[in-house]
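Working notes, structure below.
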Amino acid sequence: MCPMNVELHVKQKVTDCVKALYGSEDAPLQLQKTRKEFEGDVTLVLFSLATLSGKSPEEAGAEIGEWLVANVPQVAAFNVVKGFLNIKLSNDFWLAQLAQIAEDESFGRFPPSGKTVMVEYSSPNTNKPLHLGHVRNNLLGYSLAKILEANGHQVIKVNLVNDRGIHICKSMLAWQKFANGETPQSSGKKGDHLVGEYYVRFDKEYKRQVSALRHTGVAEDEAKRQAPILLEAQNMLLLWEQGNDDVFDLWEEMNGWVYEGFDATYKKLGVSFDKTYYESKTYLLGKEIVKEGLKKGVFFKKEDGAVWCDLSDNGFDQKLLLRSDGTSVYMTQDLGTARQRFSEYNFSELIYVVGSEQNYHFQVLKVILKKLGYAWCDSINHLSYGMVELPDGKMKSREGTVVDADDLIDDMIATARETSLELGKLTDMPEDEQQQLFRMVGLGALKYFILKVDPKKTMLFDPKESIDFNGNTGPFIQYTFARICSVLRKAREQELAPSVGAADLGEREVELVKNLADFPQVVAQAGTEHSPALVANYAFELAKEFNQYYHDIPILKEEDVAVKQQRLALLEQVGKTLKTAMELLGIELPERM
RNA sequence: GGCCCUAUAGUUCAAGGGAUAGAACGGAAGUUUCCUAAACUUUAAAUACAGGUUCGAGUCCUGUUGGGGCUACCA
């Protein structure tokens, strides 16, 4: 029997039982983990079975329980409370589970599924540095890829760089006007930060001009459209699409600065990609698709020359695909990028990790692709995650009210250093190892903080309250792991090897094995639901359970050698499982801290 | 205005239609001659409001109210 699904195993037995007792082949069975306050491991909910058997839930429960004890060797006992049959499995059963987990080198990872999935994440704009919102995106995307791999899928991680468009022109224009030739070299600033400053600078100037126009009596809407600097930016985009050399050179230079900055941030975060797409290289294909769509009559041209798609049959409005000046928009290039990917790779699912504010965009993207007749549009999925809010609302790059990714990472590492040094356990650790540890712990705290939240939900980040290192946190799990390593190190020094099977499992040990046995299901569920949070919460539960065990039960001081070795084996398996779980979140675990 | 998402302790998060709604932080009170106290133990504290479906609702449906997002020739 496979160690991975206790509930399924019991369910099979109950099915046999219901068949034997009531002659029903496919009664709907509801099984769940037994709540802590009751005696038992797996619980059968009896209400529907009561209807089926024509007996009261209590009677049916007793009957089934007796049958199971008599016919299934792994069932040790049962009790019925109200409408619930609590089934207790034998210690031998749990011991066998532990043995199988220990044997399984890749516990929690599934064999190859034959399925290939592409995950797009990060998708930055090259006009500003990464902020906390991007951090959530990057961590989710990277973790999702890891989780899908653990589910046996082949995963292609891709990035799509929004390297062209009006917003890029804005920072370019502001740089031309206000920078006096400032470069990362001349100023010592990180490239993406430098460019971001000019994006903010553009907005400042734009607002100034709009307000000046309004003072001359121009209406607000009109002023927003007519501000000279905006017109200049629009013209610059046009020149870019026409291949103007000066604009192109500036664009390449400034984007180069940004890429260098991004690479540094990605490296610090520990995320990576198998392939990077650039919108500057796919938008022409998008324009091509728009042309084809026009020919097919899927799209139409308005009097001013702009191209639209009418989606009123699908419950949406009209969608712009090409501006009246012929330049392309976000949707245009996304059409091109999607088609290119499906023509380049053979995958069965494409997951876009993109914020929920773009739900509409992705619905429309799929509908348009469908209208164009691309059958693969159905394999597009949007992992829509909630925004990260600050106490006073949304972050806005334009207004500079953002939590910068680099600053945040540096702060976390600094806090980790401070905390560690205060505790003073590292006096004999070499300096470079200490640096690694501070980085691990700081990033562990940040990553866990973000990934433990259900991706769909908006989350709040208060910069004034630094991210915790105690309680339900990454460092808590890291600390648990370090303790396990410490005990195992000492065991090795005493030449004690972990070993399963020579002793009975105590009650506390069974609890831990139960937790361990849940892990594969958690990985599977995290894969289908695209939710790293499930893995994070699982790891916390396991670590918490372990810490309680560790506090109460002596391990190295146990006198019975067989028991001691078995406890060591259990420790080892908890450590192994924590390590795998954290790997799926992109969090490293230190062997001491 | 229309469409979508959301509402759980003081705060940040959990809870596959099932039992007495779990944690963490913060608050209060404890534990270190003992394998790492970044730990452990005890304690107070919550399902926005009103209906409905169900044997059973934080969970599903309707309405109300609050919060957020989208509805751009921004991405």
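Numbering (the working numbering), first residue to last: 9 to 601. Glycine is no exception: its CB is placed at the ideal position from the N, C-alpha and C atoms. All values derive from a computational prediction rather than experimental measurement.
- Secondary structure within the region 31-108: the beta strand (DSSP E) runs of 3 or more consecutive residues, fully enclosed, are 39-41, 50-53, 83-89, 92-97 (chain order).
- Judged by their CB atoms, M467 and V362 are not nearer to each other than the 7 Å cut-off.
- Exclusion of the five residues before and after A413 leaves P137, L138, H139, L140, H142, V143, T273, L277 as the residues of its chain whose Cβ lies within less than 8 Å of its Cβ.
- When S64, N94, G583 are compared, the shortest CA-CA separation from Q38 is found for N94.
- Between the region 74-88 and the region 552-565, the count of C-beta pairs closer than 8 Å stays below three; the two stretches do not touch.
- Assignment of beta strand (DSSP E) within the region 516-575, counting only whole runs of 3 or more residues, yields no such run.
- Taking a 10 Å sphere around the C-beta of S32, we find fewer than 16 other C-beta atoms and assign the residue as exposed.
- Of the residues Y267, K404, L398, the one whose Cα lies closest to the Cα of D211 is K404.
- Straight through space, the alpha carbons of H201 and K178 are spaced by roughly 15 Å.
- As the crow flies, the alpha-carbon of N167 is around 10 Å from that of M126.
- Short of 6 Å from the beta carbon of G189, and not among the five residues preceding or following it, lies no beta carbon of its own chain.
- Around the beta carbon of Q250, fewer than 16 other beta carbons lie within 10 angstroms, which makes this residue exposed.
- For N145, the enclosing alpha helix (DSSP H) has its first and last residue at 140-158.
- In the DSSP assignment, L328 falls within the beta strand (DSSP E) that extends over 326-330.
- Taking a C-beta distance under 7 Å as the contact criterion, V50 and T134 do not qualify as a contact pair.
- The residue among L247, L434, G450 with its C-alpha nearest the C-alpha of A422 is G450.
- Assigned with DSSP and collapsed to three states, Y360 falls in strand.
- Residue state for Y291 is assigned as helix, using DSSP reduced to three classes.
- Assignment of L593 by DSSP, reduced to helix, strand and coil, places it in the coil class.
- By the beta-carbon neighbour count (other beta carbons within 10 angstroms, threshold 16), H538 is buried.
- With fewer than three CB-CB distances shorter than 8 Å, the region 435-452 does not count as touching the region 371-386.
- The closest CA to that of T427, considering only P483, K215, Y30, P463, is found on P483.
- Assignment of beta-bridge partners to Q444 by DSSP yields no partner.
- Within the DSSP bridge table, the entry for E397 names K402, L468 as partners.
- In this structure, V411 is the residue among V411, L247, Q82, A68 with its C-alpha nearest to the C-alpha of K472.
- For K123, no alpha helix (DSSP H) encloses it, and the DSSP letter there is neither H nor E.
- Bridge pairing for F308: W316 [DSSP].
- Rounded to the nearest angstrom, the gap between the Cα atoms of Q82 and V518 is 14 Å.
- Between T124 and Q162 the beta-carbon gap is near 4 Å, inside 8 Å, which marks them as a contact.
- K460 sits in coil when the DSSP states are folded into three classes, being neither helix nor strand.
- P399 sits exposed, since fewer than 16 C-beta atoms from the chains shown fall within 10 Å of its C-beta.
- Remark: three or more beta-carbon pairs, one from each stretch, lie closer than 8 Å, so the region 318-327 and the region 355-373 are flagged as touching.
- Secondary structure note for I164: its beta strand (DSSP E) is the uninterrupted segment 162-169.
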